[in-house]
Amino acid sequence: MNNSEFYNSLSSDYDEMINFENSLKNKMESLKNFISPNYKTVLDLGCGTGVDSIALYKLGLSVDAVDHSQGMLEIAEKNADKHESKINFIHSGLGELNLENKSYDFIVSLGNTIANIDNDELNKLLANLREHLNESGTILIQLINYAKLPKNGEYILNKFKNENISIIRKYDIHSRFINFIIHKTDNGTDKETEIVTKLFPHSVNYFKSYAKENGFNIKLYGSLKKELFIEDTSQNLVIVLSK
């Protein structure tokens, strides 16, 4: 199963799995701490069903939102309508992203989106984003802190259950990549399905090197609440790049 098919398969359960309404409130609260008063435009990479995009719109920004899963985008558009949020949704993979002559004050990629592309693709993406970032702008990236995870074997990320379905999200960890597995059980019929896609565990050292080589200032946090990043214990790695 390719990456977009994986997220298309996941899209119908995604909002319930992340508790969309609660996530929206939390994202508005945390993202406002990264937005300067002069920011007007934002690009949301890997927008999924739109929770971050809607939060950013409600915080006063003009939002372009990108995802390579058509299934996710269709739900994102419905969520935006429900929350009266005018967002420009774009169907594109990160590697094929064509931003034309647009520029942004703020570029975000949250929820581990960046782990869906390998180092070569990430290098190209960051070079592309740099060209479309305004002089006083910032890039905000959130991903899992892979240094905290075991070096190999299976790792359970989390479990979700309601009346209808049970979902287990887990990693099968290898040296250079990770198989991201979602195991779903229909609680009524006991029917089980499993979907798998490949992720790439980018390290904090990669981002430090990239920042140094490309003239970016870099700040690191352990969460979107700006907690201290501790490589051995932080659940998340949050990177802020500025020119």
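The sequence shown begins at 141 in the working numbering and counts up one residue at a time.
C-beta atoms are modelled at their ideal positions from N, C-alpha and C, and glycine is treated no differently.
Residue burial classification, Gly328 (beta-carbon count within 10 angstroms, cutoff 16): Per the 10 Å Cβ criterion, exposed.
With distances taken between CB atoms, is the gap from Lys288 to Asp207 smaller than 8 Å? No, they are not a contact pair.
In this structure, how does DSSP classify Arg309 when only helix, strand and coil are distinguished? In this structure, Arg309 counts as strand in the three-state DSSP scheme.
Just mark Tyr286 as buried or exposed, buried being the case when its beta carbon has 16 or more other beta carbons within 10 Å. Burial of Tyr286 is indicated by the presence of at least 16 other C-beta atoms within 10 angstroms of its C-beta.
Span separating the alpha-carbon of Ile284 from that of Glu224: Near 31 Å, if we compare the C-alpha coordinates of Glu224 and Ile284.
Whose C-beta lies closer than 8 Å to the C-beta of His342 among residues of the same chain, with five residues either side of it excluded? Excluding sequence neighbours, His342 sits near Ile254, Ala255, Asn259, Leu262, Leu283 and Tyr286.
Bridge partners of Gly188, per DSSP? Paired residue(s): none; Gly188 is not in a bridge.
Gly211 - DSSP class collapsed to helix/strand/coil: Collapsing the DSSP output to three states places Gly211 in a helix.
How big is the Cα-Cα spacing for Leu171 and Ile215? Looking at the two C-alpha atoms, the distance is approximately 22 Å.
Which of helix, strand or coil does DSSP assign to Thr253? In the structure shown, Thr253 sits in a helix (DSSP, three-state: H, G or I).
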